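Numbering (the working numbering), first residue to last: 309 to 797.
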């Protein structure tokens, strides 16, 4: 593109026509500043032209510069420009070679977003390791509170006192579920498919975000279908989808005035030809919704409508990928008359029931009286709690505060099962199991490991190789009795 000494366009080639969306005939003779320059550049451009025409020293000639230009539709885009001056018959002309660098800028921005996402991933990995230790320390006292509250319930005759004890137990169980949900989010492990309840996963995610919703003035309404069929899925991954949707809904409402609501519903999709019935989850809000021009990009990686510093643009893309890996899908539904955004997750039904933890009844009190259990834990409060629970169920119980003491007891007395903590000083649970497997091989298949460190890859790998049962802290009385009954049956 060329101009005369006063900045009027005298040449506008076909490439310039395509770049700016203007016809050559329409721009010839017009000031270049009003045709392609954003208003903020015009005053400096015209001052530079006047300076050079009056004999002043050039400042930008021959230099490669990046700036923004203006298309015919008013949109701005980045360009790279080299400008030079020529004299023809004593008249000065300016010619600019321009390159549209939109793709280069977009690629650079995407690389930077990927770097940010990588840094965020590294931070989450470090936080996950820290979380494992914190959870282990937190799960021990939670297990004590839950277990003691359960035992106290059985001793209470006063209805008012019983109600208070139940509230304590329920609050401790809620804390345990929140910690477990955090661990599941941070856990890095191969996907496993088992029968899970979408309602349970939804309640867990809603419970974890309940405080955040209340503190931001957002009302959460749950309408979960009764007796929703189970799905064959990885519970951690589906739980992550639900959590992403709830977090997105809250963030979408953050800048809204007035009443702010999020609706969470589940149901069963009617059977279609050649496709089994499905369960579905809908998360909808009464926020600003998604503009029509952005709806098609919403599930693209690194695309986000959130302000800088909030989110990476990966949540919805990852969630849809996980849903499709399960044979389902995640979609943005058409905008309703109430406005806002509505996301719908659907998953195929497994057709199998959800396996819930229930106490396994003992085969009569006489059998329980003959069953001897060794409880091993370095925390005396935990060993006393498990002893009290097991003795109340009719077991004969001995306790050991370390692996070395447990081995000494095994050499002097008969036991039918061992319940041991996995993380202990001096001799951990894995070392204890190897010693038992070598000297008391019958018992090595009757060991239950109780741990609050389920995040550790080493712990999971050990339990898999040893083929031993595991019980996560905090555990309920019913969980412990069911696990021990399975060992000795």
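We put the beta carbon where it would ideally sit given N, CA and C, even for glycine.
Since the structure is predicted, the reported quantities are computational estimates derived from the model, not experimental observations.
Assignment of residue 502 by DSSP, reduced to helix, strand and coil, places it in the strand class. In this structure the region 686-694 does not lie against the region 636-656, because fewer than three pairs of beta carbons, one per stretch, are closer than 8 Å. In the DSSP assignment, residue 747 falls within the unbroken alpha helix (DSSP H) covering 737-747. Inclusion of residue 309 and residue 378 in the CB contact set at 8 Å is not warranted, their separation being larger than that value. Per DSSP, reduced to three states, the secondary structure at residue 414 is helical. Around residue 360, the same chain offers 366 as residues with beta carbons nearer than 6 Å, after the five sequence neighbours per side are excluded.
Counting along the chain, residue 351 sits inside the alpha helix (DSSP H) bounded by residues 347-361. In this structure residue 369 is in contact with residue 392, their Cβ atoms being roughly 6 Å apart against a cut-off of 8 Å.
Note: residue 385 is bridge-paired with 377 in the DSSP secondary-structure output.
The alpha-carbon separation between residue 347 and residue 356 amounts to approximately 15 Å.
Taking a C-beta distance under 8 Å as the contact criterion, residue 350 and residue 362 do not qualify as a contact pair.
Residue environment: residue 375 is assigned as exposed (fewer than 16 neighbouring CB atoms within 10 Å of its CB, all protein chains considered). In the DSSP annotation of this structure, residue 710 is not part of any alpha helix (DSSP H), being labelled neither H nor E.
Of the residues 416, 414, 455 and 330, the one whose Cα lies closest to the Cα of residue 382 is 330. Judged by DSSP in its simplified three-state form, residue 760 adopts coil rather than helix or strand. Contact between the region 442-453 and the region 416-426 is not established, with fewer than three Cβ pairs separated by less than 8 Å. The region 743-761 makes contact with the region 771-791: 3 or more CB pairs, one atom from each, lie closer than 8 Å. The straight-line gap separating the alpha-carbon atoms of residue 371 and residue 394 is approximately 15 Å.
Boundaries of the alpha helix (DSSP H) around residue 556: 543-560. The Cβ atoms of residue 475 and residue 458 do not sit closer than 8 Å to each other. By the C-beta criterion, the region 556-564 is judged not to be in contact with the region 599-608, since fewer than 3 inter-stretch pairs fall below 8 Å.
Across the structure, residue 576 and residue 538 are spaced so that their CA atoms are roughly 11 Å apart.
Setting aside the 5 residues that flank it on each side, residue 473 is surrounded in the same chain by 457, 460, 461 and 464, each with a C-beta closer than 7 Å to its C-beta; the list follows chain order. Each of 352, 509, 641 and 523 was checked against the Cα of residue 536, and the nearest Cα belongs to 509. Around the Cβ of residue 398, a 10 Å sphere holds fewer than 16 other Cβ atoms; the residue is exposed. Residue 558 sits buried, since 16 or more C-beta atoms from the chains shown fall within 10 Å of its C-beta. Proximity to residue 794 across 770, 755 and 768 peaks at 755, based on C-alpha coordinates. In this structure, residue 528 sits away from residue 784, with a CB-CB distance that is not shorter than 8 Å.
Taking residue 714 as the centre and dropping the five residues before and after it, the same chain places the C-beta of 682, 684, 708, 726, 728 and 740 closer than 8 Å to its C-beta, in chain order. Between the beta-carbon of residue 590 and that of residue 650 there is about 6 Å, and that keeps the pair under the 8 Å contact cut. The DSSP-derived three-state label of residue 371 is coil. Bridge pairing for residue 697: absent [DSSP]. Cα atoms of residue 514 and residue 554: separation of roughly 8 Å, rounded to the nearest angstrom. The Cβ-Cβ distance between residue 586 and residue 656 falls below 8 Å. Excluding residues up to 5 positions away in sequence, 507 and 574 lie with their Cβ nearer than 6 Å to the Cβ of residue 532 in the same chain. One Cα belongs to residue 322, the other to residue 333, and the distance between them is close to 11 Å.
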